[in-house]
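Q: The structure follows.
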Amino acid sequence: MFKKHIISGMLAVLAISITLHAQEFKIGSKDVQVHGFGTQGFVHTNDNNWLTMNTSGTGSGAFTDAGLNLGAQITSNFRVGGQVYDRKLGQLGDWHPLLDWAMGDYRLKPWLGFRAGKVKTVLGLFTDSQDMDFANTFALLPQSVYPIDLRDASIAHLGGDIYGREKLGHNLGSIAYTAYGGRRSDNMHSGYPYLLSGIAGITLNSYGGPVFGGDLRWNPPVRGLTVGISRLNEMITGKGSYNGQLGIPAQPKYWENSKHDWTNQYYGRFVKDKLHAESEYRRYLRDQIIFSGLSWVETDIRGWYVGGGYQVNKWLEAGSYYSHYRIFPSGGAGVNASYPDAQTHDFDKVVTAKLTLKQYVTVKVEGHFMDGNGSALYPAGFYSNVNPNGFSANTNALVVRTGFSF
Amino acid sequence: MTKLLYAFLLVASVLIFTAQAQAQAIVIANPSVKSADVSKSDLREVFTGAASSLKDGSHVTPVLLKSGAAHDEFLTGYIGKNDTAFRAGWRSLVFSGQASMPKSLDSEAAVVEFVAHNPGAIGYISKATPHEGVKVIAVK
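Going down the list, the protein sequences come from chains A and B. If you count the first sequence from 1, you need to add 820 to reach our numbering. If you count the second sequence from 1, you need to add 602 to reach our numbering.
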């Protein structure tokens, strides 16, 4: 019965993809474009429930997302647009639609442009394009760097960007830059609030704060090669209530805030004909005051991956990556900073087959072979909320994901 | 030896045919575009959304064909992507808020018409398609 529902869901995605096409209408003399995308996934694990879904046993199809996009080119230099995004990923998202981004973009010169509003954050190769399943080889991007359960922690900021691109002299290629500042505001149906509700009895009502950072990428004179570096600084405050679950007295007006939070990301990508290869390293340091000033926690998270894909023929792309996640936790009262080794790492070996059935319809079949679950102190895909009997050290997963875009 | 000769002739024919096919797609632009020529890398950047102007500073707006031989030849010869990857790249830019999708037109005549009447427009057609009112841009 359950599998029947999953198959029905995937067939529905295929049917929708056949009937939907990009649309255009006019407001005044301006063309307004309408685009959209959606995916339906199924995940089965041999052990441990993953990504807040009940994936062990028969598996879970609670893995759906969709986006709807409107945009208009007002003048040759000025563009406006916005996108609504919604998802259901196990216990996350829960069909609460979000304004993904909405902004105006003015490009004064090739080397100087401005974006203002709610803007997608440029952080590494794929942060701003991680939802675009049709464009990615993998059903799940390397979770050490792009954790899908923490998607909205770095997806966008309310503020502004300065960006541009310039060719370098002496045939040195070109550089592109983005500098940004604004405010991050997390969805309360995201991984971190969900984790706190389970392991600490903390219910967050808000989580966010000022962010600023930048990205610099270089396209050297080797065609298809990109290398770059990103930096993100954050000053985050969380507010809510705490029920006394960890022995520290209950706090009806709980708060936590950053002492020092930052992310550094280094990356490289090479694309040639039918082949692409990429690698990224991300270090995320969280140093926070928690329990309304009574304790502290520091998590030093280091992730990297190396992967690639090859377009075998018109329909089939084969891909693989190795994703390496390691968390170094430490903390004060109420924080268990001593964890078994399996809870401080997740080494994931992945193989994928991506089928492009029509130009706008894809089906991916992916195998994950994970050593460790990285479940200590900060979300990494495995949550005690849905694993009440504890964790096994290793997990194998089958992910099937179909998607469309128009 | 004869088989080797046949194989050589076959490969040579394919290469000659490919080169000729590649030469069939030409790049056209609105007369407001100052440049008479464009490098292959600049053309690739414009048609993949990485740049919106040419070396001389002219702002350009790409216009695409929905399908057809000229479209395939243009993508193969100048962009280095197949149609699926090419359009997926544009959709990525659209969904991340970095660009608007270029117009995709049904026929080469429609591309000529659009390019002729829209300052900054740049497109591609088959060499044999009549193209009055537009300028041909040489690709170096």
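The beta carbon of each residue, even a glycine, is placed where N, CA and C say it ideally should be.
Check for me: the alpha helix (DSSP H) holding T1164(A) runs from which residue to which?
A: Unbroken run through T1164(A): none, as it is neither H nor E.
Q: For the region 707-733 of chain B, which residues have a CB atom closer than 9 Å to at least one CB atom of chain A, in sequence order?
A: Cβ contacts with chain A: P721 and G722.
Q: Alpha carbon to alpha carbon, how far is K729(B) from V736(B)?
A: Each residue's alpha carbon lies about 13 Å from the other.
Q: Closer than 8 Å, CB to CB, is T1176(A) near chain B or not?
A: Taking Cβ atoms only, chain B reaches closer than 8 Å to T1176(A), which makes this a yes.
Q: Taking the DSSP output, what are the residues bridged to D644(B)?
A: Beta-bridge pairing links D644(B) to no other residue.
Q: Going by Cα to Cα distance, which pick from L912(A), A882(A) and L919(A) is closest to L801(A)?
A: Any question about residue 801(A) goes unanswered here, given that chain A covers just 821 to 1226.
Q: Could you tell me how far apart the beta carbons of K1094(A) and Y1074(A) are, in whole angstroms, since I believe they sit closer than 8 Å?
A: That belief does not hold up - the Cβ atoms of K1094(A) and Y1074(A) are roughly 53 Å apart, past 8 Å.
Q: Check each residue of the region 1019-1042 of chain A: if its Cβ is closer than 8 Å to any Cβ of chain B, include it; give the result in chain order.
A: Hits within the stretch: zero.
Q: Answer with buried or exposed for G881(A), where buried requires no fewer than 16 other C-beta atoms within 10 angstroms of its C-beta.
A: G881(A) is buried by the Cβ-count criterion.
Q: What in chain A is Cβ-close to V696(B), meaning under 7 Å?
A: Chain A residues near V696(B): H855, N889 and G891.
Q: If we call anything under 8 Å between Cβ atoms a contact, is T947(A) one with S964(A)?
A: No, they are not a contact pair.
Q: Hey, quick one: how far does the alpha helix (DSSP H) through H673(B) stretch, first residue to last?
A: A671 to F676 is the span of the alpha helix (DSSP H), which, as asked, contains H673(B).
Q: Indicate whether at least one CB of chain B lies closer than 8 Å to the CB of R985(A).
A: Yes, because at least one Cβ of chain B sits closer than 8 Å to the Cβ of R985(A).
Q: Of the choices F862(A), V1132(A), E1076(A) and Y1203(A), whose alpha-carbon is the least far from that of H1096(A)?
A: Ranking the options by Cα distance to H1096(A), first place goes to V1132(A).
Q: Where does F697(B) fall in DSSP's three states?
A: If DSSP states are grouped into helix, strand and coil, F697(B) belongs with the helices.
Q: Assign H1144(A) to buried or exposed, taking buried as 16 or more other Cβ atoms, counted over all protein chains shown, within 10 Å of its Cβ.
A: When all chains shown are included, H1144(A) counts as buried.
Q: Work out the CA separation of F697(B) and G980(A) for me, nearest whole Å.
A: So the alpha carbons of these two residues sit roughly 18 Å apart.
Q: Between which two residues does the alpha helix (DSSP H) harbouring H855(A) extend?
A: Segment K850 to T865 is the beta strand (DSSP E) holding H855(A); no alpha helix (DSSP H) there.
Q: Under 8 Å, CB to CB, which of the residues in the region 650-678 of chain B have a partner in chain C?
A: In the structure shown, chain C does not exist; the protein chains are A and B.
Q: Using a Cβ cut-off of 8 Å (strictly closer), state whether M923(A) contacts chain B.
A: Yes, contact with chain B.
Q: For the alpha helix (DSSP H) that P1030(A) lies in, which residues bound it at each end?
A: First-last for P1030(A): I1022 to N1039, but that is the beta strand (DSSP E), not the alpha helix (DSSP H).
Q: Does the beta-carbon distance from Y1198(A) to I1121(A) come in below 8 Å?
A: Yes, they are a contact pair.
Q: Please identify, using Cβ separations under 8 Å, the residues of the region 924-946 of chain A that lie next to chain B, in order along the chain.
A: For the region 924-946 of chain A, which is checked against every Cβ of chain B, the residues closer than 8 Å are D925, R927, P930, R935, V939 and K940.
Q: Using a Cβ-Cβ cut-off of 8 Å, state whether Y685(B) counts as contacting chain A.
A: It is Asp, not Tyr, that sits at residue 685(B) in the sequence shown. Output row for D685(B): interface = yes.
Q: Would a check of beta-carbon distances place A740(B) closer than 8 Å to chain A?
A: Closer than 8 Å: no.
Q: In or out: T957(A) buried (at least 16 other Cβ within 10 Å) or exposed?
A: With 16 or more Cβ atoms within 10 Å of its Cβ, T957(A) is classed as buried.
Q: Assign F845(A) to one of two classes, buried (16 or more other C-beta atoms within 10 Å of its C-beta) or exposed (fewer than that).
A: Exposed is the call here.
Q: Hey, G1064(A) and G1123(A) are a contact pair by Cβ (cut 8 Å); roughly how many whole angstroms apart?
A: That belief does not hold up - the Cβ atoms of G1064(A) and G1123(A) are roughly 33 Å apart, past 8 Å.
Q: Starting from Y1180(A) and walking both ways along the alpha helix (DSSP H), at which residues does that stretch end?
A: Segment: none, Y1180(A) is in no alpha helix (DSSP H) and carries neither H nor E.
Q: Please check if any C-beta of chain B sits within less than 8 Å of the C-beta of R1089(A).
A: No, R1089(A) lies away from the interface with chain B (no Cβ there is under 8 Å from its Cβ).
Q: Taking only the alpha-carbon atoms, compute the straight-line gap between V900(A) and W870(A) and give it to the nearest angstrom.
A: One C-alpha to the other measures close to 38 Å.
Q: In angstroms, rounded to a whole number, what distance separates the CA positions of K632(B) and A723(B)?
A: The question names Lys, yet the displayed sequence has Asn at residue 632(B). So the two alpha carbons sit approximately 5 Å from each other.
Q: So A955(A) contacts chain B; which residues on that side make the cut at Cβ distance below 8 Å?
A: Within 8 Å Cβ-Cβ: A690, G691, R693 and S694.
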